[in-house]
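Below you'll find the structure, written out as structure tokens, and then a few comments.
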């Protein structure tokens, strides 16, 4: 037990050393601490941490009753520091890419940290996944939940204005949980686009690739990308392309037709009609019988097939090869700050950003 405590203290020291000046600024606002929290309802459970408001594990039974962890992650918290896979993290202030690491609001230019070639990815090299979040509320019982909070300071990673951010993870019922994100600018207009970056493998993390999963995405169009995975500004139909997942299909069937693998924003059906929360994707895996439905209220969904995984060593010594997990991230469209035809991404003081996701799991015999 003493050894475990010593290892944990060492991890905390590593984290504090790594977060640098941004973390020092955040710590002025209150005591920061590293915590691990389990939410459980029967055989269904998830583990989250205050580092990056990260989901570390989601455990559900398969069709034979064997409980397995279906999300990718690292074996210790120290491995999440300086991580560029974003396993399970809450990413922001702006998820996905900002072209050139720059944008303009009210004729004033802003320059954000470029950590993806010439672009800003997931908020910069010290985005919301690389900071301590405080526990605002924790409730146990039949429907356990936890709320993390973070105040992003004016100028963090180059973004304007202070921003209060909340995320709540809640087990809503048997084999279902929700993610609710809020953000409120305090003093300046600022872009906001949060995303939950969990990697899924319904066979169980470390059990091969996800290319044989059946994926259905309720989207009739995508925002095509060019160099650096930056959208061109167009919206094009998926019909007749390898991006057509309107009926369930295995990603591996057509992934060879997609340069680099799937990593693109889908324009979700119903967003333009203001339908709010709706079913946006269904993933199933025949060997385990596990089925995951994703519901959400955002206009876009980034579908990513773990193209940049390269033998990362994860929990239990599992090795995550290319395509070893998939992400389905509801979001605003990438690079919306540069595309007036895309949904709004800039929020002013007095306005509130809201983002809701619901995961429902079931078994198919």
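Numbering (mature numbering (1 follows the signal peptide of the UniProt record, and there is no 0)), first residue to last: -26 to -1, 1 to 339.
Even for Gly, the Cβ is constructed at its ideal location relative to N, Cα and C.
Please classify residue i as buried or exposed, where buried requires at least 16 other C-beta atoms within 10 Å of its C-beta.
i	result
residue -5	Bear in mind that the predicted position of residue -5 carries a pLDDT of just 39, short of 50, making it unreliable; the figure below should be weighed with that in mind. When all chains shown are included, residue -5 counts as buried.
residue 93	buried
residue 85	exposed
residue 325	exposed
residue 328	exposed
residue 250	exposed
residue 231	exposed
residue 56	exposed
residue 117	exposed
residue -1	Low confidence applies here, because residue -1 scores a pLDDT of 39, under 50, leaving its location unreliable and the question unanswered by this model.
residue 113	exposed
residue 22	buried
residue 10	exposed
Between which two residues does the beta strand (DSSP E) carrying residue i extend?
i	result
residue 328	327 to 337
residue 78	76 to 79
residue 191	188 to 191
residue 85	82 to 85
residue 18	18 to 23
residue 126	119 to 126
residue 253	252 to 258
residue 238	237 to 242
residue 173	Unbroken run through residue 173: none, as it is neither H nor E.
With C-beta atoms as the reference, is residue i less than 8 Å away from residue j?
i	j	result
residue 15	residue 148	yes
residue 125	residue 261	no
residue 293	residue 299	no
residue 194	residue 222	no
residue 20	residue 31	yes
residue 255	residue 283	no
residue 235	residue 279	yes
residue 334	residue 263	no
residue 307	residue 205	yes
residue 217	residue 190	no
residue 332	residue 150	yes
residue 330	residue 247	no
residue 172	residue 41	no
Can you give the beta carbon distance from residue i to residue j, rounded, assuming they're within the 8 Å contact cut?
i	j	result
residue 95	residue 71	5 Å
residue 167	residue 63	Contact doesn't hold; Cβ gap of about 14 Å is too wide.
residue 239	residue 304	With a Cβ gap of about 10 Å, residue 239 and residue 304 do not count as contacting.
residue 44	residue 187	Actually they do not touch by this definition, with Cβ atoms about 11 Å apart.
Thinking C-alpha only, which one of the options is nearest residue i?
i	options	result
residue 170	318, 302, 290 and 196	302
residue 158	29, 140 and 172	140
residue 225	283, 205, 277 and 110	277
residue 336	34, 29 and 202	34
residue 127	208, 89, 153 and 102	102
residue 100	287, 122, 68 and 121	68
residue 174	320, 59, 66 and 136	59
residue 323	87, 130, 88 and 161	161
residue 342	143, 98 and 135	There is no way to answer for residue 342, as the model of the chain reaches only from -26 to 339.
Between residue i and chain B, is any beta-carbon pair separated by less than 8 Å?
i	result
residue 254	Protein chain content of the structure displayed is limited to a single chain, and chain B is not contained in it.
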